[in-house]
Structures are given as C-alpha cells and as structure tokens.
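Q: Just so you know, the sequences run in chain order A and B.
For the first sequence, the numbering used here gives the first residue as 1, with consecutive numbering after it.
For the second sequence, the numbering used here gives the first residue as 1, with consecutive numbering after it.
Here it is: the structure, laid out below.
Protein chains: 2
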Amino acid sequence: MTAEIITIGDEILIGQIIDTNSAYLAKEFNKIGVSIYQITSVQDDKDHILKALKEAEDNADIIIITGGLGPTKDDITKLTLCEYFKDELIEDKDVLAHVEHLFSKYIKTPISEINRHQALVPSKSKVLMNKYGTAPGMWMEKKNKVFVSLPGVPYEMKALISDEVIPQLRKKYKFPYIQHKTLLTYGLGESAIAGRIEQFEGQLPNYIKLAYLPSLGRVRLRLSAKAFDKIKVESEMERQVQRLLPFVKDIFVGFEDNSSIETIIGQRLTDLGKTLSIAESCTGGRIAQSFTANAGASKYFKGSIVTYATESKVEVLDVPEDEIFKHSVVSREVAEAMAKNVRNLFNTDYGLSTTGNAGPTKGDSDAEVGTVWIAIATKDKVYSEVFNFSNHREKVIMKATNKAFEMLQKEISKK
Amino acid sequence: MTAEIITIGDEILIGQIIDTNSAYLAKEFNKIGVSIYQITSVQDDKDHILKALKEAEDNADIIIITGGLGPTKDDITKLTLCEYFKDELIEDKDVLAHVEHLFSKYIKTPISEINRHQALVPSKSKVLMNKYGTAPGMWMEKKNKVFVSLPGVPYEMKALISDEVIPQLRKKYKFPYIQHKTLLTYGLGESAIAGRIEQFEGQLPNYIKLAYLPSLGRVRLRLSAKAFDKIKVESEMERQVQRLLPFVKDIFVGFEDNSSIETIIGQRLTDLGKTLSIAESCTGGRIAQSFTANAGASKYFKGSIVTYATESKVEVLDVPEDEIFKHSVVSREVAEAMAKNVRNLFNTDYGLSTTGNAGPTKGDSDAEVGTVWIAIATKDKVYSEVFNFSNHREKVIMKATNKAFEMLQKEISKK
Chain A
1 MTAEIITIGD EILIGQIIDT NSAYLAKEFN KIGVSIYQIT SVQDDKDHIL
51 KALKEAEDNA DIIIITGGLG PTKDDITKLT LCEYFKDELI EDKDVLAHVE
101 HLFSKYIKTP ISEINRHQAL VPSKSKVLMN KYGTAPGMWM EKKNKVFVSL
151 PGVPYEMKAL ISDEVIPQLR KKYKFPYIQH KTLLTYGLGE SAIAGRIEQF
201 EGQLPNYIKL AYLPSLGRVR LRLSAKAFDK IKVESEMERQ VQRLLPFVKD
251 IFVGFEDNSS IETIIGQRLT DLGKTLSIAE SCTGGRIAQS FTANAGASKY
301 FKGSIVTYAT ESKVEVLDVP EDEIFKHSVV SREVAEAMAK NVRNLFNTDY
351 GLSTTGNAGP TKGDSDAEVG TVWIAIATKD KVYSEVFNFS NHREKVIMKA
401 TNKAFEMLQK EISKK
Chain B
1 MTAEIITIGD EILIGQIIDT NSAYLAKEFN KIGVSIYQIT SVQDDKDHIL
51 KALKEAEDNA DIIIITGGLG PTKDDITKLT LCEYFKDELI EDKDVLAHVE
101 HLFSKYIKTP ISEINRHQAL VPSKSKVLMN KYGTAPGMWM EKKNKVFVSL
151 PGVPYEMKAL ISDEVIPQLR KKYKFPYIQH KTLLTYGLGE SAIAGRIEQF
201 EGQLPNYIKL AYLPSLGRVR LRLSAKAFDK IKVESEMERQ VQRLLPFVKD
251 IFVGFEDNSS IETIIGQRLT DLGKTLSIAE SCTGGRIAQS FTANAGASKY
301 FKGSIVTYAT ESKVEVLDVP EDEIFKHSVV SREVAEAMAK NVRNLFNTDY
351 GLSTTGNAGP TKGDSDAEVG TVWIAIATKD KVYSEVFNFS NHREKVIMKA
401 TNKAFEMLQK EISKK
C-alpha cells in the first residue's frame, strides 16, 4: 500500500518556506506500513493541482494534500477538489459553529464573510474537525482510493493526522508492518563505513534494505524492513542489528529512530540522575536550544550561558582576563575555564563549553575561521579538543554542535 | 522560463530528513527570473527516476536533480542518467585528482575503490567541480533543455549553484526579471488583513500577484512581479508597495526578502550602536540562537543566559527568592527581574527575558501550560506582557520567540 503527498502553495515553489510537513507525513505513514511513493509540490493553480491529483491517483492508494486552505483569495484548493470530484461546496454547520467559537474565544470579533467561507466543504466529503484552526480537513473517496485534504499549518495538520486520518485509515485497511532501525555513528566517513560492512550488506534478506545517511560529521545507517509478518520482521531485524553492531562498535553512538542524539544524552543523564550546564560562544545558544526543544529537559538541564562578547566571558563567566590576553579567546585555556566556571555557577555534574570562530570574518581572536575549542568539565577533571570545521558559518556552528554532543555522549557513557 | 526540481532519496520519502535543498534552489532560481514549476521527491529507484526525468522534461526548460550521488551502493542516480541520455560512465581525471587531494588533506588515508567511483561521470556530461566534497556536479543537455545533477549535501549543492550553475545559465539564457517584496506584519490574522486590503488587491496589475503567508502570530504579505522590463517591474512594484503600506501601517514590522526579523532588529541595533542581552527560560536558547545564526551578531549581541531550573534563576540571575515564592516562577515579577538583571550582568542597553510553561506538563509553577511572560528592560524602565500560546510545546516556544522579537522591534523603533 502506497501513499502520495501533494503540497500546494506558491510559497514553497518560490522558496519562502521549507516544506517540513512532508517529512512529518512521510514518517507517520511509514510507521503504519504505508510507503510514500512520491512527494509533489505544486502551484496554487487549478490545472496544476488537477494534474497532480490525476497522477497521484494513478500511483498511489492514499493521496494526502496539504496547504491551500487558508481564508484568503489565493486559496483555490477546495474549488479544484470540487471540479475533480464533480462536486459542489456546501456550508457545514459544525465547522461554522467551530469557526464562530474560535473567533469569540480568541479573536474576540464576529466572523467576517471570508471566515465564513472556511465552513464551505465539498458535499461528498467527510469533514475532519480541526481543533487548532478554522480550516477543516476533508476526506473523500474515489474507486476505493482515499483523498485527504489538510490545512498547511504544521501543528493543525499534525493533530488532524494523529487524531483523525491515521485512526480512520487503520479502520479501512490492513497494513503491512514496517520497521526502521537507525544506527547513529560518529567519526568515520560514509565510504569507510561502506568498506567495512560490505559483506554484511551483501547478505541482507531482500525485504531488509540498508541506507547511508551522512551529515556533518556523523553517518546514520538505516535498516528498513517491510513485511506482513510482524514477528518475522522484528526477529530478523534484531538478528541483523546484532550482526551489524560488531562492525561499527567503535563509532556507534546509539539508536536514533524516534530520538535525536540530544534525547539519547538527555535520557542517559536523567537515568544517571546527573545534571548539565553549558557555556556557548560560537554556537550561540544552539546546543542549549537543542536540549530544551525536548520535553523533559528540565530533569537534567539546569541552564546555560552564551558569552558572545569577549568581555562577557570575563564579567559573566569569570574567565581570567590574562588567559584571554595570553592565549586569545579561542584557546584551550578559555574553553576549559568556561566549562569549569559554568559548571560551578549552575552547580551541575557536567559543564560543556564551546569557543571558536564561526566566521565569515575573524572575531576577537587570530584563530583561523572554523577553529573551535570544545571543553568538558566534571567534578574531577576538565579537558578539551580543538577542531577546524571549514569556513562555512552554518556548517561550523552545526559541526561544533554535533561534535559537542559526541564528546558529551562519550563522557557520560564512561561509567 | 521554468525549472523543475527533482530530489532523489528514500531518506526524504521515509521522512528521515527534511528537504531543505528545494527551498534554497527555488529561492535562487526565482531571483534570476526562473519560476519553479514543480518540486518532485522520488525514490532511489531507476524506473521512478526515469519517469520523473521524463515528466520534468515535458514541464520545464531546466531540470535540477539533487541527491543520490554519495559513494555508497544505494546511489544509482548516475547509472540512471546514463540510461536516460543513452550514455556511459567514464572516469574523469580532474575529479579523481580532486578526490585524491581531499583524502590526502583531510581524511589522511589513500582512496578506496568506492571513493574512486566518485570520479565516474556520464561521458556526455560537463563536470562541475565540487570544492567541498567528492561528488561532482554534472551538466547535461538534450534538445536545448538543461539537466543538472548535484550532490544532496546542502553546502556542497549551494556552492555549486552559486559558483557554477547560475553563472552558466546566465550565459546560456536571457531571463525575465522577477521581483518579490515581502511585508512582515504582526498582530492581525490573515482574514482580517484580507478584509482591509481587498480593494488594493483587486486593483493589482496582472503581472503582480499577492500572497498571504501566515505563521504563528505573524503574516507575511508577498507581492511578486515578473516581466522582461526590469524598470517597469521595479517602478510598478514600488508604486504598489506605497499603495499597500497605509493599509497595514499599524501592523507592519519591516521588509523581509533577504532578511528575517532577527536581522532587521540586529541591523537596527547596530545602526543605533546599542547592545542586547537575553535571559531565557521556556524558550531555552532559541532567541539567542536566532540572533547568533547571523553573521554580524557580535556587533550588538553580548550574550544570554538560559535559566531553566528555578534555582538557577536565583543563583545565576539573582531573581529574588521571595518573589518566586510569592508570585511563582511564571510571573511578571520574575520576568522583569530576569530582564533587569541580565541587562545589568552583561552591561547592555536592552535586556529581554522570557519565563513560561512550554508544556506538556506544568513545571515549578501553577501557571496554565502555554502561559509566557516576556519582559524588556532598558536604562529607564522595565515592562512585561503575558500571553497564552496554546498547549503545544513547539508552538509555545516558537510563538514566544516571535512575540519577543515583536516586542523588541517595537521598543527599538520608538525613537
């Protein structure tokens, strides 16, 4: 069983927004055993949408359409759905009542004619109530194929998928079982890993596929299995993972299917009952933000300081001024003082720090652009490493963040 | 003239990575006057890629293919290109020398057979050298249509686009002129704005289109013009912007074409010679990270503190313990103490703070999930506002971040 995703909106095709909805949809559908055949982003244009609907109907069993349902004039998706299904728009009483409710509660104005249009739906569609917004989801069927049209606002779309679409699809179809296992590795390139595990790869059964997903200093190895027999999938997957692990023992960080390395670290710290604080310079808050994006961070993360200006390193973090003078602000001495002092200030078990030049120009240091020192302080020790992450600002920040995760993961795995 | 983007990779179709390349490509092509007809994400599968190539060739003049060029076995793009162009792979000496150079400089090992494959290209292709990686770009032509295949690693792809692809396309074609003007507004919903500017919209010339891009408390209004006469486009766009501005005067924040609100704020602070520090609780570093993602942040941003744990607010930021006891950690008193104290600590002109419950569960406060206090401190005053941003964690963090930008933008625009 396959699905196709159609995202509608000129804003995607001019690059004003990044289409994050498709990744979410693809992940959720894969979880229930539905493969995504294709993702197609089309313009706010009737003929183009009609063409995409036709092609998707040829390719897939389930067609998920997102976007193009806002209350303004440039949204033509509903009229196009009517044309495709030879249908007409009618006003849905429940949706209208919901729109009126949202307006009276949050906006505190009566609804306008434009808002009232949100209650119009194709007469043959089943309405999926959108509790976070005014545009309803719509479920339509044609020759046993399902078409679902959803608003493009990510959290509205996500709630409709988990509360309405997936449960209703499960009622309608029997899905094969899909399992993914993703091994996160650090420190070795894609081709070096491929060389190591060539033999392993050659012996995989035909319903298990291996993919390499390299990204900024780390490589994910993803095993994907798909079959109707859930027990067979799970036991064979487990067997293959156990076969694979010895080949990558030295570079393996953890499994990363529903969790990023930040959550793996966070879970480990929570289990250990240990706490973390962070002092960031060149990474500018990105490390802290990665941890706090996840619920439960307050169990292990006490806080962090971004000392972007050199004087703040002295004034706020008590980095000795003469060390900065002697070694420059991008140095082992400064990184280690930052890690030690932030650990003391927040009274945590671990202190982590970064100081470097993200570029494009040199800051208050002569260090080459891309140079980053990363330090870790514990009760007993403080140590650091230096890296050069190229001269691309975004890449330097991301690589430094990833490397800090890697060092921290190694440290907390020691005992 | 139109282009189509094909992104290749199972990792996109299972939702493991978000396709950010397409947004970048779409933006760059729009800048030179090439519209993107469609973005299509397909599997690592020969037949599927062949079908996508055929359809793209029917739809567009330029076909940009990204992904599927890594050194591992699951990359079949090059062989598929050979089949499509009735061609064969040959070893390119320059690419091989480049791969060997990268390995000797950074990896410090001799290249393997797998790496050597990176130097294989279709014999009819023109090689585009990839200075940041081993997989070259490839330029092919067929009946006056251009096909460009690029690696999927974002910074490698971006460098190839700006250094090779765009300059070579400019040599080959004469492009129409496209101009976008995006007005960022805060504080009014999509439909309320639509009501206000209905008349304006109705009188736009047919080569200028208006789009509404709503997102978490802000709405972007994008005017797009396209014609061969650059002077006509620019003068008419200017005229339409001047017509539009009076309708949105009270909600207009700035133009946002190549700049986010963070860069607008950063530029304004830099122009004023003023500095900023931030104390974050529920936003967990996201505000600081948004500023420091941009080069030049060091001109106005001195630093920030994330006090995630309640005790850190007391110990690190000197928030009076009795205020927390009396009013709870999510309160006007705590937000204002944080803003005032971080401003003093970093010795800046402005201090900004957030404290709230992002959820999903209540923290050290009885405040309802979604409640966020945001405060601003200046030399003369400190003030704050409270918001409820719903019960969705990611949405609360994003909306609080956006609202903090809005309040700060208003404050620094006062004089």
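Glycine included, each C-beta is placed from N, C-alpha and C at the ideal position.
Computed from a predicted model, the values in this text were never measured in an experiment.
Using a Cβ cut-off of 8 Å (strictly closer), state whether residue 307 of chain B contacts chain A.
A: Yes, because at least one Cβ of chain A sits closer than 8 Å to the Cβ of residue 307 of chain B.
Q: Is there a C-beta anywhere in chain A that falls below 8 Å from the one on residue 16 of chain B?
A: So yes, residue 16 of chain B belongs to the interface.
Q: Quick check on DSSP: helix, strand or coil for residue 309 of chain A?
A: DSSP places residue 309 of chain A in coil when its eight states are reduced to three.
Q: Going along chain A, which residues have a C-beta under 7 Å from residue 404 of chain B?
A: Within chain A, no residue comes near residue 404 of chain B; the closest Cβ sits about 13 Å away, beyond 7 Å.
Q: Would you check if the distance between the CB atom of residue 308 of chain A and the CB atom of residue 275 of chain A is smaller than 8 Å?
A: Cβ atoms of residue 308 of chain A and residue 275 of chain A: not closer than 8 Å.
Q: Quick one: any contact between the stretch 123 to 140 of chain A and the stretch 94 to 101 of chain A, if contact means 3 or more CB pairs under 8 Å?
A: They touch, by the three-pair rule.
Q: Starting from residue 237 of chain B, follow the alpha helix (DSSP H) in both directions and report where the run begins and ends.
A: 230 to 248 is the span of the alpha helix (DSSP H), which, as asked, contains residue 237 of chain B.
Q: Let's see if you can read the secondary structure: which residues bound the alpha helix (DSSP H) around residue 263 of chain B?
A: Per DSSP, residue 263 of chain B belongs to the alpha helix (DSSP H) from 261 to 272.
Q: Quick test of your reading: residue 190 of chain A and residue 405 of chain A, contact by CB under 8 Å. State the CB separation rounded to the nearest angstrom.
A: At roughly 19 Å, the Cβ-Cβ gap does not stay under 8 Å, so residue 190 of chain A and residue 405 of chain A are not in contact.
Q: What residues from the stretch 28 to 45 of chain A come within 7 Å of chain B, judged by C-beta to C-beta, listed N to C?
A: For the stretch 28 to 45 of chain A, which is checked against every Cβ of chain B, the residues closer than 7 Å are 30, 36, 38, 39, 40, 41, 42.
Q: Under a CB-based cut-off of 8 Å, is residue 12 of chain A close to chain B?
A: Yes, its Cβ sits closer than 8 Å to a Cβ of chain B.
Q: Taking DSSP as the reference, what is the three-state secondary structure of residue 186 of chain A?
A: Strand.
Q: Which runs of the alpha helix (DSSP H) at least 4 residues long sit entirely within the stretch 121 to 209 of chain A? Give them in chain order.
A: With a minimum length of 4 residues, the continuous alpha helix (DSSP H) runs that stay inside the stretch 121 to 209 of chain A are 154 to 160, 166 to 172, 190 to 196, 198 to 202.
Q: Near residue 109 of chain A, what residues of its chain come up, given a Cβ to Cβ distance below 8 Å and the 5 sequence neighbours on each side ignored?
A: 103.
Q: Say whether chain A places a C-beta atom closer than 8 Å to the C-beta of residue 335 of chain B.
A: Not closer than 8 Å to any Cβ of chain A, the Cβ of residue 335 of chain B fails to qualify, so no.
Q: Starting from residue 408 of chain B, follow the alpha helix (DSSP H) in both directions and report where the run begins and ends.
A: Unbroken alpha helix (DSSP H) run through residue 408 of chain B: 393 to 412.
Q: Give me the residue from B:311, B:139, B:294 with the minimum Cα distance to residue 365 of chain B.
A: Ranking the options by Cα distance to residue 365 of chain B, first place goes to B:311.
Q: Between the alpha carbons of residue 353 of chain A and residue 10 of chain B, how many angstroms are there, rounded?
A: Going from the Cα of residue 353 of chain A to the Cα of residue 10 of chain B covers about 36 Å.
Q: Would you call the CB atoms of residue 393 of chain A and residue 367 of chain A closer than 8 Å?
A: No, they are not a contact pair.
Q: Please classify residue 231 of chain B as buried or exposed, where buried requires at least 16 other C-beta atoms within 10 Å of its C-beta.
A: Label assigned to residue 231 of chain B: exposed.
Q: Among A:156, A:206, A:336, A:291, whose alpha-carbon lies nearest the alpha-carbon of residue 395 of chain B?
A: The shortest Cα separation from residue 395 of chain B among A:156, A:206, A:336, A:291 belongs to A:156.
Q: Residues of the stretch 96 to 119 of chain A with a CB closer than 8 Å to any CB of chain B: list them in chain order, please.
A: If the cut-off is 8 Å between Cβ atoms, the stretch 96 to 119 of chain A has 107, 109, 112, 114, 115 near chain B.
Q: Using the Cα positions of residue 213 of chain B and residue 16 of chain A, report the straight-line distance between them to the nearest angstrom.
A: Cα to Cα, residue 213 of chain B sits roughly 9 Å from residue 16 of chain A.
Q: Does any heavy atom of the ligand COA sit closer than 7 Å to the C-beta of residue 174 of chain A?
A: As far as ligands go, the structure on display features none, and thus does not contain the ligand COA.
Q: Using the Cα positions of residue 389 of chain A and residue 3 of chain A, report the straight-line distance between them to the nearest angstrom.
A: Distance between the alpha carbons of residue 389 of chain A and residue 3 of chain A is about 40 Å.
Q: Listing by chain order, which chain B residues have their CB less than 8 Å from the CB of residue 395 of chain A?
A: Under the 8 Å cutoff, chain B gives 155.
Q: Mapping DSSP to helix, strand and coil, what is residue 85 of chain A?
A: Here residue 85 of chain A sits in coil by DSSP.
Q: So, residue 260 of chain B versus residue 279 of chain B, is the Cβ gap smaller than 8 Å?
A: No.
Q: Could you give the first and the last residue of the continuous alpha helix (DSSP H) run that contains residue 340 of chain B?
A: That run of the alpha helix (DSSP H) goes 332 to 346.
Q: Residues in the same chain with beta-carbon distance under 6 Å from residue 188 of chain B, minus the five sequence neighbours each way, listed in chain order, please.
A: Excluding positions up to five away in sequence, the list reads 251.
Q: What residue from A:194, A:217, A:113 has the CA that sits closest to residue 470 of chain B's CA?
A: Past the edges of chain B, shown from 1 to 415, lies residue 470 of chain B, and the structure says nothing about it.
Q: Please classify residue 325 of chain A: is it buried, with 16 or more other beta-carbons within 10 angstroms of its beta-carbon, or exposed?
A: Exposed, because fewer than 16 other Cβ atoms sit within 10 Å of the Cβ of residue 325 of chain A.
Q: Near residue 233 of chain A, which residues of its chain fall below 7 Å by C-beta distance, leaving aside the five closest residues on each side in sequence?
A: 177, 179, 225, 227, listed in sequence order.
Q: Apart from the five residues just before and just after residue 159 of chain A, which ones in its own chain have a Cβ nearer than 8 Å to its Cβ?
A: 130, 131, 132.
Q: Where do the N-terminal and C-terminal ends of the alpha helix (DSSP H) with residue 292 of chain A fall, by residue?
A: Segment 286 to 292, the alpha helix (DSSP H) holding residue 292 of chain A.
Q: Measuring CB to CB, does residue 356 of chain B end up less than 8 Å from residue 292 of chain A?
A: No; because the gap between Cβ atoms is not below 8 Å, this pair is not in contact.
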